[in-house]
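See below for the structure under consideration.
In the numbering used here, the protein residues as written are 190 to 493.
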């Protein structure tokens, strides 16, 4: 748990108030916590089922995280999420060590552990993060507005769907970029929602990094997102943050809508960027050809 606290408090992607709470308070875990968590880890170590691990952590631990840790709900929930990540990385370390040698033990003096969900996620620049949060806010606002303007918006389904979307909204987050460009129609997304889009963005970039990209298969990317346990984890975090109990079908539909719209917007922006780069190269090429032609004509006149 000390490793997790250190990693979270030093990670630049989390709000300052969250890290400040961790730095100013000592994390004390009660005995009841270990009684609940130990069986979960033992079962996971045997079967290696990531989905069952996160499901158990969210249903049996995160709901009472504040009681176990003694800090605010946001901080306690985040630490429990990181604990599940630590379980997955620890099992992987143990399995690797066993394959290399049954007699060798794991060296606990190795470099500090990095959370699994960030091992393969590239660091975003300030500009990229602003863009990510902008698109994320657009996606949430677009889906919410569609539900709100529907004739059935008072139905249980729509109410649950809107509650799920509202769980990804956080107007208290300090975002000067959105404050400057917002005219009342943009949403500020929560840390959990931003984390979800970071994972999806990484998957999208991995599939569209080819130099000669001709087609963007958003359906394939969407399927990869569904299979990524980090996406599932982020969605479960949003689910437990809702103010009302959400039906499974509703949450599934909302996740599909969020991912689909985000990928659609990103695919459009990617295509536009490719076209702009192509036009710029064509413009430079034409300019260079014209320059070479002028030089050739001038050199011909001088020789005459």
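For each residue, glycine too, the CB sits at the ideal point set by N, CA and C.
Distance between beta carbons of residue 332 and residue 450, contact taken as under 8 Å: Start at 1 with the first residue of the chain shown, and residue 450 comes out as number 261. Start at 1 with the first residue of the chain shown, and residue 332 comes out as number 143. Yes, residue 450 and residue 332 are in contact; Cβ-Cβ is about 7 Å, under 8 Å.
Query raised in the report: According to the neighbour-count rule (16 or more other Cβ atoms, all chains shown, within 10 Å of its Cβ), is residue 404 buried or exposed?
Result: Numbered from 1 along the chain shown, position 215 holds the residue referred to as residue 404. In this structure residue 404 is exposed. Its beta-carbon is surrounded by fewer than 16 other beta-carbon atoms within 10 angstroms.
Exercise for review: Taking residue 225 as the reference, give the member of 253, 313, 406 with the closest Cα.
Suggested key: Translated into positions along the chain shown, residue 225 becomes position 36. Here the closest residue by C-alpha is 253.
Check: Taking buried to mean at least 16 other C-beta atoms within 10 Å of its own C-beta, is residue 377 buried or exposed?
Finding: For this step, residue 377 is matched to residue 188 along the chain shown. Classification for residue 377: buried.
ask   = Name the DSSP beta bridge partners of residue 235, please?
value = Walking along the chain shown from the start, residue 235 turns up at place 46. Answer by DSSP bridge pairing: none, since residue 235 is not bridged.
Does residue 270 come out as helix, strand or coil in the three-state DSSP assignment? Numbered from 1 along the chain shown, position 81 holds the residue referred to as residue 270. Residue state, collapsed to three classes: helix.
Segment contact flag, the segment 435 to 445 with the segment 338 to 355, C-beta cutoff 8 Å, min 3 pairs:
The segment 435 to 445 is in contact with the segment 338 to 355.
Could you tell me which of 335, 363, 261 sits nearest to residue 354, measuring between CA atoms?
On the chain shown, residue 354 is found 165 positions in, with the first residue counted as 1. It is 335.
message: I believe residue 448 touches residue 389 by the beta-carbon criterion, under 8 Å. Please report the beta-carbon distance rounded to the nearest angstrom.
response: Residue numbering aside, residue 448 sits at position 259 when the chain shown is read from its first letter. Residue numbering aside, residue 389 sits at position 200 when the chain shown is read from its first letter. With 8 Å as the limit, residue 448 and residue 389 qualify as a contact, their Cβ atoms being about 6 Å apart.
What's the gap between the Cα of residue 357 and the Cα of residue 199?
Translated into positions along the chain shown, residue 357 becomes position 168. Translated into positions along the chain shown, residue 199 becomes position 10. Cα to Cα, the separation comes out at about 24 Å.
Note down the Cα distance separating residue 311 from residue 340, rounded to an integer number of angstroms.
Within the chain shown, residue 311 is the residue found at index 122, counting from 1. Within the chain shown, residue 340 is the residue found at index 151, counting from 1. In a straight line, the C-alpha of residue 311 is about 42 Å away from that of residue 340.
Worksheet entry | Distance between residue 471 and residue 394 (C-alpha atoms, nearest Å) | Residue numbering aside, residue 394 sits at position 205 when the chain shown is read from its first letter. Residue numbering aside, residue 471 sits at position 282 when the chain shown is read from its first letter. Rounded to the nearest angstrom, the two C-alpha atoms are 25 Å apart.
### Task
Look at the alpha carbon of residue 430 and the alpha carbon of residue 235, and state the distance between them as a whole number of angstroms.
Your numbering for residue 430 matches position 241 in the chain shown. Your numbering for residue 235 matches position 46 in the chain shown. Using only the alpha carbons, I get a separation of about 30 Å.
| field | Residue from 402, 397, 382, 409 with nearest C-alpha to residue 427 | value | Locating residue 427 in the chain shown gives position 238, where the first residue counts as 1. Ranking 402, 397, 382, 409 by Cα distance to residue 427 puts 382 first.
- Query: Which one of 363, 276, 392, 342 has the shortest CA to CA distance from residue 410?
  - Reply: Numbered from 1 along the chain shown, position 221 holds the residue referred to as residue 410. The shortest Cα separation from residue 410 among 363, 276, 392, 342 belongs to 392.
Thinking residue 319 and residue 247 are a contact (beta carbons under 8 Å), I'd like their distance in whole angstroms, please.
Position 130 of the chain shown, counted from the start, is the residue given in the question as residue 319. Position 58 of the chain shown, counted from the start, is the residue given in the question as residue 247. At roughly 30 Å, the Cβ-Cβ gap does not stay under 8 Å, so residue 319 and residue 247 are not in contact.
Starting from residue 362, trace the alpha helix (DSSP H) in both directions and tell me its first and last residue.
Numbered from 1 along the chain shown, position 173 holds the residue referred to as residue 362. Boundaries for residue 362: no alpha helix (DSSP H) harbours it, and the DSSP string shows neither H nor E there.
How many angstroms separate the CA atom of residue 255 from the CA atom of residue 379?
-> Taking the first residue of the chain shown as 1, we reach residue 255 at position 66. Taking the first residue of the chain shown as 1, we reach residue 379 at position 190. Between the C-alpha atoms of residue 255 and residue 379 there is a straight-line separation of about 19 Å.
Practice problem: Would you mind sorting residue 315 into buried or exposed? The rule is 16 or more other CB atoms within 10 Å of its CB. | Solution: Taking the first residue of the chain shown as 1, we reach residue 315 at position 126. Exposed, by the Cβ-count rule.
*With a Cβ-Cβ cutoff of 8 Å, do residue 242 and residue 276 count as a contact?*
Against the chain shown, residue 242 aligns to sequence position 53. Against the chain shown, residue 276 aligns to sequence position 87. A contact, by the Cβ cut-off of 8 Å.
| Among residues of its own chain, excluding the 5 on either side of residue 460, which ones have a beta-carbon nearer than 8 Å to its beta-carbon? | The residue you call residue 460 lines up with position 271 of the chain shown. So the qualifying residues of the chain are 405.
**Q.** Spatial distance of residue 280 from residue 237 (CA atoms)
**A.** Against the chain shown, residue 280 aligns to sequence position 91. Against the chain shown, residue 237 aligns to sequence position 48. Computed Cα separation, rounded: 8 Å.
*Where the alpha helix (DSSP H) through residue 319 begins and ends*: Residue numbering aside, residue 319 sits at position 130 when the chain shown is read from its first letter. Per DSSP, residue 319 belongs to the alpha helix (DSSP H) from 315 to 337.
Give me whichever residues DSSP pairs with residue 378 in a beta bridge.
For the purposes of this step, residue 378 is taken as the residue at position 189 of the chain shown. Answer is 358.
Practice problem: Alpha carbon to alpha carbon, how far is residue 233 from residue 273? Give it in angstroms, no decimals. | Solution: Here residue 273 is taken as the residue at index 84 of the chain shown, counted from 1. Here residue 233 is taken as the residue at index 44 of the chain shown, counted from 1. Going by C-alpha positions, residue 273 is about 10 Å away from residue 233.
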